[in-house]
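Colleague: Sharing a structure with you now.
In our numbering, the protein residues as written are 1 to 526.
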């Protein structure tokens with residue numbers, strides 16, 4: 001069965017056949033509906049995925065040691081309190097993880113002949129990047145045989161803009177079998193009101209995502225469905241149509257408010273981010289490592305935010321062709337798989353250990369450096385490092401992709417792999433003829449007309465299948481008007497006698513682009 005492409009990018013409109021007055025029957029592909037709703041569910045629960053690692057507001061915290069009350073009283077009480085707290089939770093060897101604490105044993109080898117601090121193997125220590133200046137200096141002295149291992153205990157408080165986000169204690173221990181450094185980590189105790197407010201805000205973000213999905217995507221299907229029943233498609237006299245729904249994920253990913261909310265939510269949970277960093281630095285417990293990687297996969301919103309900001313910058317500079325759009329599904333998968341190992345790698349490379357040590361201490365005076373760390377600058381750098389990962393792909397492969405640019409805009413093969421798989425799940429049978437995709441022909445010639453030049457939105461397209469007049473099965477790709485930057489369009493005109501609109505072009509300038517929309521302001525374009 002041969003498949004040809006029937007795409008008329010700028011020539012749909014006046015030459016179309018007159019619509020039939022007989023009503024049409026529209027069949028909704030139920031498998032595509034289920035697949036689309038599953039993708040929406042995955043999107044909607046994203047704010048609540050944090051609780052895979054975080055504690056719920058109603059978690060019992062009665063046994064949590066009160067750092068503020070004890071350490072504000074006296075330095076001796078602070079040391080004694082932490083020593084008692086972690087002694088009760090310290091395993092015989094290895095690691096121990098709880099709801100509010102972690103205890104990790106770091107075995108070290110002190111080479112007898114090493115006397116030079118520069119030769120000390122700092123990169124082999126799990127928590128090296130998060131040491132205070134005094135702690136770092138003493139540990140280096142221990143590794144260089146200049147200080148005893150068992151004679152130190154350091155307490156450190158991590159802060160974000162002055163607000164405590166983590167408490168850690170490290171101490172040395174010498175036994176007949178092994179020399180080790182123990183690291184105890186404890187999350188701060190916040191008020192129940194704050195934890196409930198954060199939980200409520202995440203629930204509200206979930207509801208807002210669902211509202212945006214309905215308002216900006218699914219509601220448009222009601223107009224399309226009604227128009228197809230009344231007019232059918234302008235390219236055929238077919239009476240029966242099968243509607244295959246798309247994936248609204250990319251529509252939501254480009255919402256700046258949602259992306260900002262996710263980034264803020266990530267850094268407002270810095271106590272659990274810090275704990276994830278510690279847990280991802282160890283490899284003794286594989287399950288804990290995987291959960292920490294999953295928690296850090298939320299940094300995918302750094303990437304989405306970076307793509308949106310880069311798109312705005314490129315459009316302002318008129319450099320739209322300098323970047324090849326990335327697939328949001330591949331971005332999510334790539335960041336999810338890379339975030340954990342990339343973070344682990346940073347804590348094993350001396351250049352990053354030194355960089356973060358500087359960022360943690362550069363805003364503090366000597367007295368503050370002795371008490372802990374300020375993580376705000378490091379958080380900014382970490383955000384930028386994760387956010388630039390898809391940018392490397394987009395800029396690095398732009399010229400190669402231009403040389404291999406696809407032209408079969410109407411075909412389902414123009415979609416990314418995830419949505420081709422969704423089409424297969426929907427059991428949308430093969431077609432003889434494909435049509436539609438006029439906005440992609442427009443973008444190929446005038447990329448500035450694309451609203452976001454850095455992220456693909458092809459997955460949001462829907463497909464209409466029908467039996468053509470000559471018996472051939474035909475697929476029509478429909479795209480949403482909201483994917484077009486209307487600032488570079490001459491006019492948008494409603495045609496009351498057709499179900500869907502299309503892109504028209506009257507001359508070679510971008511200002512010659514005209515768009516028609518269907519009856520009832522239907523935003524779907526053929």
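Virtual Cβ for every residue (Gly too), placed ideally from N, Cα, C.
So, residue 549 versus residue 474, is the Cβ gap smaller than 8 Å?
Modeller: The structure shown does not extend to residue 549, since the chain spans only 1 to 526, so no value can be given for it.
Colleague: Nearest to residue 483 by CA position, among 248, 466 and 457, is which residue?
Modeller: Closest option to residue 483, Cα to Cα, is 457.
Colleague: Output the distance between the C-alpha atoms of residue 58 and residue 383, rounded to the nearest integer angstrom.
Modeller: Each residue's alpha carbon lies about 30 Å from the other.
Colleague: Buried or exposed for residue 470, please, with buried defined as at least 16 other CB atoms from any protein chain shown within 10 angstroms of its CB.
Modeller: Answer is exposed; the Cβ neighbour count stays below 16.
Colleague: Is it the case that the Cβ atoms of residue 166 and residue 187 are separated by a distance below 8 Å?
Modeller: Against a cut-off of 8 Å, the Cβ pair of residue 187 and residue 166 comes out as a contact.
Colleague: Going by DSSP, what residues sit across from residue 455 in a beta bridge?
Modeller: Beta-bridge pairing links residue 455 to 326.
Colleague: Are the beta-carbon atoms belonging to residue 452 and residue 311 less than 8 Å from one another?
Modeller: A contact, by the Cβ cut-off of 8 Å.
Colleague: Among all the DSSP beta bridges, which residues are the ones paired with residue 147?
Modeller: According to DSSP, which records beta bridges pairwise, residue 147 is partnered with nothing at all.
Colleague: Would residue 353 and residue 129 qualify as a contact pair, given that the criterion is a beta-carbon distance under 8 Å?
Modeller: Taking 8 Å as the Cβ cut-off, residue 353 and residue 129 qualify as a contacting pair.
Colleague: Decide yes or no for the touch test of the stretch 197-212 against the stretch 169-186: beta carbon pairs closer than 8 Å, at least 3 of them.
Modeller: The stretch 197-212 is not in contact with the stretch 169-186.
Colleague: On the three-pair Cβ rule with 8 Å, is the stretch 335-344 touching the stretch 385-393?
Modeller: With the cut-off at 8 Å, the stretch 335-344 and the stretch 385-393 touch.
Colleague: Any idea what DSSP makes of residue 24, helix, strand or coil?
Modeller: Looking at residue 24 - three-state DSSP - the assignment turns out to be coil, as it is neither helix nor strand.
Colleague: Please name the residue, chosen from 487, 294 and 281, that lies closest to residue 334 on a Cα-to-Cα basis.
Modeller: Of 487, 294 and 281, the residue nearest in Cα terms is 294.
Colleague: For residue 125 and residue 95, I'd like the C-alpha separation in whole angstroms.
Modeller: So the two alpha carbons sit approximately 14 Å from each other.
Colleague: How about residue 495 and residue 518: do their beta carbons lie closer than 8 Å?
Modeller: In contact: residue 495 and residue 518 (Cβ atoms closer than 8 Å).
Colleague: Under 8 Å, with one C-beta from each stretch per pair, do the stretch 276-290 and the stretch 319-331 reach the 3-pair mark?
Modeller: Cβ pair count under 8 Å is below three, so no.
Colleague: Give me whichever residues DSSP pairs with residue 102 in a beta bridge.
Modeller: According to DSSP, residue 102 bridges with 97 and 185.
Colleague: Quick one: residues in its chain with C-beta nearer than 8 Å to the C-beta of residue 394, no 5 flanking neighbours on either side, listed in chain order?
Modeller: Excluding residues within five positions, the ones whose Cβ falls inside 8 Å are 307, 310, 323, 324, 325, 326 and 454.
Colleague: Going by other Cβ atoms of all chains shown within 10 Å of its Cβ, with 16 needed for buried, is residue 112 buried or exposed?
Modeller: Flag for residue 112 reads exposed.
Colleague: Where does residue 516 land, buried or exposed, given buried means 16+ other C-beta within 10 angstroms?
Modeller: Residue 516 is buried by the Cβ-count criterion.
Colleague: Take residue 149 and list the residues in its own chain whose beta-carbon comes closer than 6 Å to its own, dropping the five residues that flank it on each side.
Modeller: Excluding residues within five positions, the ones whose Cβ falls inside 6 Å are 142, 172, 174 and 179.
Colleague: Just to confirm before moving on: does the CB-CB distance between residue 134 and residue 154 stay below 8 Å?
Modeller: Contact: yes.
Colleague: If you measure between the beta carbons of residue 466 and residue 240, is that distance less than 8 Å?
Modeller: In contact: residue 466 and residue 240 (Cβ atoms closer than 8 Å).
Colleague: If you run the structure through DSSP and keep just helix, strand and coil, what is residue 58?
Modeller: Three-state DSSP puts residue 58 in coil, outside helix and strand.
Colleague: How is residue 497 classed by DSSP in three states: helix, strand or coil?
Modeller: Reduced to three states, the DSSP call for residue 497 is coil.
Colleague: Decide if residue 32 is buried, meaning its Cβ has at least 16 other Cβ atoms within 10 Å, or exposed.
Modeller: Burial call: buried.
Colleague: Do residue 259 and residue 304 have their beta-carbon atoms positioned less than 8 Å apart in this structure?
Modeller: In contact: residue 304 and residue 259 (Cβ atoms closer than 8 Å).
Colleague: To the nearest angstrom, how far is it from the Cα of residue 24 to the Cα of residue 242?
Modeller: Each residue's Cα considered, the two are about 11 Å apart.
Colleague: To the nearest whole angstrom, what separates the beta carbons of residue 159 and residue 439, a pair I think is in contact under 8 Å?
Modeller: The Cβ separation is near 49 Å, so there is no contact.
Colleague: From residue 290 to residue 297, what distance separates their C-alpha atoms?
Modeller: Straight-line Cα distance between these residues: approximately 10 Å.
Colleague: Note down the Cα distance separating residue 288 from residue 184, rounded to an integer number of angstroms.
Modeller: The alpha-carbon atoms of residue 288 and residue 184 are separated by roughly 16 Å.
Colleague: Got a sec? Which residues, its chain only, sit under 7 Å from residue 316 by beta carbon, not counting five neighbours each side?
Modeller: Closer than 7 Å at Cβ, skipping near neighbours: no residue.
Colleague: Below 8 Å on the Cβ atoms is my contact criterion, and I expect residue 462 with residue 246 to pass it. Report the Cβ-Cβ distance as a whole number of Å.
Modeller: Contact flag correct, Cβ pair sits at about 5 Å.
Colleague: Could you tell me the alpha carbon to alpha carbon distance between residue 224 and residue 358, rounded to whole angstroms?
Modeller: Answer to the nearest angstrom: the Cα atoms are 57 Å apart.
Colleague: Would you report the Cα separation of residue 219 and residue 480, rounded to the nearest angstrom?
Modeller: Cα to Cα, the separation comes out at about 12 Å.
Colleague: From the DSSP output, which residues share a beta bridge with residue 374?
Modeller: Its beta-bridge partners are 159.
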